[in-house]
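Below is one structure, written out as structure tokens, with a few remarks after it.
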Amino acid sequence: MKIATFNINGIKARLPVLTDWLRDSAPDVAVLQEIKSVDQAFPREQIEDLGYTVETHGQKGFNGVAILSRLPLEDVTRGLPGDPDDEQARWIEATAMGARPVRICGLYLPNGNPAPGPKYDYKLAWMARLQARVHDILQTEEPATICGDYNVIPQDDDAARPEAWRDDALGLPATRDAFRRLVNLGLTDAFRAVDPGAGHYSFWDYQAGAWDRNLGIRIDHHLLTPQAADLLQAAWIEKDLRAREKPSDHVPVWVDLDA
DNA sequence: ATGCCGGCCCAAGGCCGA
19 MKIATFNING IKARLPVLTD WLRDSAPDVA VLQEIKSVDQ AFPREQIEDL
69 GYTVETHGQK GFNGVAILSR LPLEDVTRGL PGDPDDEQAR WIEATAMGAR
119 PVRICGLYLP NGNPAPGPKY DYKLAWMARL QARVHDILQT EEPATICGDY
169 NVIPQDDDAA RPEAWRDDAL GLPATRDAFR RLVNLGLTDA FRAVDPGAGH
219 YSFWDYQAGA WDRNLGIRID HHLLTPQAAD LLQAAWIEKD LRAREKPSDH
269 VPVWVDLDA
């Protein structure tokens, strides 16, 4: 089961790139962030025509997540538990029915800038709720990937210029600590399990020639439960997509599970 | 660079992203 997480930065602006990518790269499951669309406006028919089931959790203008799957999806849930007043669309779950079922959890973790401030407080509170949800998921002892745009640079090796992120919400010690606590529940960073080296990024800013100068950061991740980590065949970043016409500022991050 | 680009709102300029 090939699963890709991809922050598309707007479904309306990215539909041609997305459909070309679905045709060319053919993920079994695509987990999308920043669809920036309400559910009713999501162009589901054009994606269904490519053989995908479409499940969205959107909101007007910002945020929004979705799961596209060529495998049947069961038990779809929307929204991260823990705060009934949180109206931001940043979490969706479904079980992809492959040879082995895999729980797919898609997330768009809050950016948190400027830090300190209320937006950073929201980020840390959201990460605490994520910690609680992942704790519960681990109790199921089932294969699962908790994947998406984490807006976290886990280590210095995950940034071309780590010093530039030390005081940023993506790289602050408290952010990294919260991410490490999450991993330490028993998750595996799939990409790092197969490639421990520096210089691998999943985001390059549109500005200041960041792509041309390879000034990237690795902030899109698959964190696998032990049962999913046991099925891990490969993990990679589809860097080439950043060089296409009208690209997202993120690229897809993949895992292949024996499922 | 406390926003250089790009997408969203929706028709202009502001908000947001990382």
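Per this note's numbering, the first sequence starts with residue 19, numbered consecutively.
Ideal placement from N, C-alpha and C gives every residue a C-beta, glycine not left out.
No experiment lies behind these values; they were computed from the predicted model shown.
Per DSSP, H239 is one residue of the beta strand (DSSP E) stretching across 238–242. Collapsing the DSSP output to three states places M115 in a strand.
Non-local beta-carbon contacts of R41 in its own chain, meaning distances under 8 Å to residues more than five positions away in sequence, involve L68 in chain order. In this structure, the beta-carbon distance from L241 to A196 does not fall below 8 Å. Nearest to D248 by alpha-carbon distance, out of D139, A48, L275, is L275.
For V72, the closest alpha carbon among the candidates A48, D230, N27 is that of A48.
DSSP places S87 in the uninterrupted beta strand (DSSP E) bounded by 83–87. DSSP places R121 in the strand class (E or B) of the three-state scheme. The residue from D213, V56, W39, A112 with its alpha-carbon nearest to that of E160 is A112. Taking 8 Å as the upper bound for CB-CB distance, P214 and R194 are not in contact here, some 17 Å apart. Proximity of the segment 249–262 to the segment 134–153 falls short of the contact definition, fewer than three beta-carbon pairs being nearer than 8 Å. Boundaries for I53: no beta strand (DSSP E) harbours it, and the DSSP string shows neither H nor E there.
Cα atoms of D267 and R88: separation of roughly 25 Å, rounded to the nearest angstrom.
The C-alpha of V269 lies about 25 Å from the C-alpha of P191. Of the residues assessed, A246 falls on the buried side of the cut-off, its CB having 16 or more other CB atoms within 10 angstroms. The C-beta distance from D38 to I21 rounds to 19 Å, too long to meet the 8 Å contact threshold.
Here L203 is exposed, its C-beta having fewer than 16 other C-beta atoms within 10 Å. A Cβ-Cβ contact shorter than 8 Å links L33 with Q64.
Exclusion of the five residues before and after K137 leaves P128, N129, G130, N131, A187 as the residues of its chain whose Cβ lies within less than 8 Å of its Cβ. Proximity to H239 across Y70, W254, A114 peaks at W254, based on C-alpha coordinates. Beta-carbon to beta-carbon, G76 and D57 are separated by about 5 Å, close enough to satisfy the 8 Å threshold.
A Cβ-Cβ distance of about 12 Å is found for the pair I26 and P61, leaving them out of contact under the 8 Å criterion. Along the length of the segment 136–210, whole beta strand (DSSP E) runs at least 3 residues long occupy 162–167, reported in chain order.
Boundaries of the beta strand (DSSP E) around E92: 91–96. Here I235 is near A177, since their CB atoms are less than 8 Å apart.
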